[in-house]
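First comes the structure, then the notes that go with it.
Here's what the structure looks like:
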């Protein structure tokens, strides 16, 4: 009787205290499948953002799978199972709450290149600077000013200047360095002053710096804070658009849609509009990023409102609305002035469509569909009008680039015909400029195709070379200076590359920011001064020139 009782109670007692884990093969297989999916997607010929999403999805699902297995089938006592399961979920939540992983860098190699603490928010550490009440700066233009986004042309170029590229013998000289508020605006430079936008705590600023010293000479503040993620992560807080300087005035569009006209010499506000509220428009996901366009006596802004409120022109002096047109939501690109078939027109890259409008009244002349393969219509790159009534377009998210012919018949009917677009020569789409813009020289287009510098032939779209640098360019920015491409990488290096269609040839490089900072901002160059910034630091470098730059105009 007792022997039988012992036999039957033994398994029951063992099950009470500990039993063999179950479904271990299922757990290992599931996690391995998710990891393999993430690696394949991240290392494939896809946009790095897609790889990043795949990696994060695999990580989250793997941890959740482990938590479920630990809670139900790990073979531990109930309390231990619950603790293991809860701890794994808490660690996952803590990782995404307190760390901001860098995006995956692929195109041959993949991997997370670093992490950043979310509480690193220097915009909250910087004290506010107040403008002087009776300021009157000696605001004079110079020949080689850089007065707006991308300078003075359709792409970032400083012509008539030759850089000395032997930086071992003649290195760039750091003139000044300072902390700056968060944001992704670039500097605009006129005369002795440089203007940008930044976020300091709960105020969005338009800030004017003295070019030679980095000293703040005036600021204009609006009581708004843009943080699309809602958690204060440094990588996304702050304004995006670069101010436009014209005839001693600064026109700046903030991330929440506030358009300011500020007197340059005094820093005093002349007029202001909350454009989204005024035109019943919704903000875009990452915030307003387009720079104002000056056309004659108009300030043209992509607002994104429907019912003929997408593109709006304001009177430059009074701020009154002169015309409003179009009904497509905004993208992140800035409107540009072009002339096709003898007709001056404003070109606007919207979500899903490129549109052209008469300068005088905003009348829609033509539109060209411009979606992406991935379904994301978040265009960032600038449209590039070219000789022969042609328009070059480029975009990330799997779409690539296109060369479009614009024509107008004798009866006034406009047509747009792609000369080439998308996939060429059996390759993947060329020039997928996700967060940057191209430069064009002698019939060749140079730009960052995702994170690799690429050269293509303008007439055909044929890829000539493509280079993934190590350390990577990331989502950096480029400009053309003479026959040299200057690239500011996402990870804080300035790199000089020969602007040649023959092959990639790197000439020089220096580190200007720490590689644990994200640098998406465009550089600005008013010879010999190069201004660079990100969401934490700003710096001015004097670049060595083959010949000195002189001359200014009042």
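Numbering (the working numbering), first residue to last: 131 to 684.
We put the beta carbon where it would ideally sit given N, CA and C, even for glycine.
Among residues of its own chain, excluding the 5 on either side of residue 604, which ones have a beta-carbon nearer than 7 Å to its beta-carbon?
Result list for residue 604: 235, 581, 619, 620, 621, in chain order.
Between which residues of its own chain and residue 370 is the CB-CB distance below 6 Å, once the five residues before and five after are set aside?
These residues qualify, in order along the chain: 314, 385, 417, 419.
Buried or exposed: which applies to residue 342, given that a residue is buried once 16 or more other Cβ atoms fall within 10 Å of its Cβ?
Sixteen is the threshold: since fewer than 16 other Cβ atoms of the shown chains lie within 10 Å of the Cβ of residue 342, the residue is exposed.
DSSP bridge partner residues for residue 317 (one or two, in chain order):
Paired residue(s): none; residue 317 is not in a bridge.
N-terminal and C-terminal residue of the alpha helix (DSSP H) that residue 405 is part of
Boundaries of the alpha helix (DSSP H) around residue 405: 405–408.
If you run the structure through DSSP and keep just helix, strand and coil, what is residue 431?
Look at residue 431 here: in three-state DSSP terms it is strand.
Using DSSP with H/G/I as helix, E/B as strand and the rest coil, what is residue 284?
Coil at residue 284, not helix or strand.
Leaving out five residues before and five after residue 625 in sequence, what residues of the same chain have Cβ atoms less than 7 Å from its Cβ?
617, 619, 636, 639.
Distance CB(residue 477)-CB(residue 489) smaller than 8 Å:
Going by C-beta atoms, residue 477 is not nearer than 8 Å to residue 489.
Length of the line joining the Cα atoms of residue 576 and residue 445:
Whole-angstrom Cα-Cα distance: 36 Å.
Go ahead and label residue 174 buried or exposed: buried means 16 or more other beta carbons lie within 10 angstroms of its beta carbon, across all protein chains shown.
Residue placement at residue 174 is poorly supported in this model, since its pLDDT is 48, which falls under 50; the coordinates still yield a value, given next. When all chains shown are included, residue 174 counts as exposed.
Could you tell me the alpha carbon to alpha carbon distance between residue 564 and residue 652, rounded to whole angstroms?
Between the C-alpha atoms of residue 564 and residue 652 there is a straight-line separation of about 14 Å.
Rounded C-beta distance between residue 294 and residue 674? I'm assuming under 8 Å.
Your pair residue 294 and residue 674 checks out as a contact, with CB atoms roughly 4 Å apart and the cut at 8 Å.
Compute the Euclidean distance between the alpha carbons of residue 650 and residue 664, then round it to the nearest angstrom.
Approximately 7 Å, taken between the alpha carbons.
Leaving aside the five residues before and after residue 453 along the sequence, list all residues of the same chain whose C-beta is less than 6 Å from its C-beta, in chain order.
The answer, listed in chain order, is 443, 491, 492.
Let me make sure I understand the geometry here. Which of 415, 338, 422, 461 has the alpha-carbon closest to that of residue 668?
Checking every option, the nearest Cα to that of residue 668 belongs to 338.
Whole angstroms is fine: what's the gap from residue 610's alpha carbon to residue 435's?
When rounded, the distance between both Cα atoms is 35 Å.
By the three-class DSSP mapping on this structure, what secondary structure does residue 668 have?
In this structure, residue 668 counts as strand in the three-state DSSP scheme.
So the beta strand (DSSP E) residue 327 belongs to, where does it begin and stop?
Looking at the DSSP string, the run of the beta strand (DSSP E) that includes residue 327 is 323–330.
Endpoints, beta strand (DSSP E) assigned at residue 271:
Counted as a single uninterrupted DSSP element, the stretch harbouring residue 271 is not any beta strand (DSSP E), since DSSP gives it neither H nor E.
Separation of residue 585 from residue 574, as counted between CA atoms
If you take the alpha carbons of residue 574 and residue 585, they lie about 7 Å apart.
Anticipated Cβ contact below 8 Å, residue 311 with residue 394, distance rounded:
Wrong, their Cβ atoms sit about 20 Å apart, outside the cutoff.
Every unbroken alpha helix (DSSP H) inside the stretch 575–621 [4 residues or more]:
Qualifying alpha helix (DSSP H) stretches: none in this window.
Best match in 519, 437, 658, 514 for proximity to residue 458 [C-alpha to C-alpha]:
Ranking the options by Cα distance to residue 458, first place goes to 437.
Who are the Cβ neighbours of residue 550 in its own chain at under 8 Å, not counting the five residues just before and after it?
Within the same chain, and ignoring the five residues on either side of residue 550 in sequence, the residues whose Cβ sits closer than 8 Å to its Cβ are 532, 533, 590, 591.
Confirm, please, whether the CB-CB distance from residue 499 to residue 485 is below 8 Å.
Contact annotation: residue 485 and residue 499 have beta-carbon atoms that are not nearer than 8 Å.
Tell me, please, whether the stretch 268–279 touches the stretch 315–325 by the rule of three or more beta-carbon pairs shorter than 8 Å.
In this structure the stretch 268–279 lies against the stretch 315–325, because at least three pairs of beta carbons, one per stretch, are closer than 8 Å.
Can you name, in chain order, every residue of its own chain whose Cβ lies under 6 Å from the Cβ of residue 347, other than the five neighbours on each side?
Excluding residues within five positions, the ones whose Cβ falls inside 6 Å are 338, 340.
Use the C-beta contact count for residue 299: other C-beta atoms within 10 angstroms, 16 or more gives buried, fewer gives exposed.
Exposed, since its Cβ has fewer than 16 Cβ neighbours within 10 Å.
Start and end of the beta strand (DSSP E) containing residue 522?
Element bounds for residue 522: 520–525.
Neighbourhood of residue 280 by C-beta distance below 6 Å, restricted to the same chain and skipping five residues each side
For residue 280, same chain residues with a beta-carbon under 6 Å away, outside a window of 5 residues either side, are 286 in chain order.
Closer than 7 Å by C-beta to residue 449: which residues in its own chain qualify, once you throw out the five before and the five after it? Chain order, please.
Spatial neighbours of residue 449 in its own chain (CB-CB distance under 7 Å, excluding positions within 5 residues in sequence) are listed in chain order as 391, 401, 403.
Secondary structure at residue 480, three-state DSSP: helix, strand or coil?
DSSP places residue 480 in the strand class (E or B) of the three-state scheme.
Can you have a look at residue 221 and say buried or exposed, based on whether 16 or more other CB atoms are within 10 angstroms of its CB?
For residue 221, the number of other beta carbons within 10 angstroms of its own is below 16, and it is reported as exposed.
If you draw a straight line from the C-alpha of residue 526 to the C-alpha of residue 599, how long is it?
About 19 Å.
Count the other C-beta atoms from every protein chain shown that fall within 10 angstroms of the C-beta of residue 327, then say buried if there are 16 or more, exposed otherwise.
Counting Cβ neighbours within 10 Å, residue 327 comes out buried, since at least 16 surround it.
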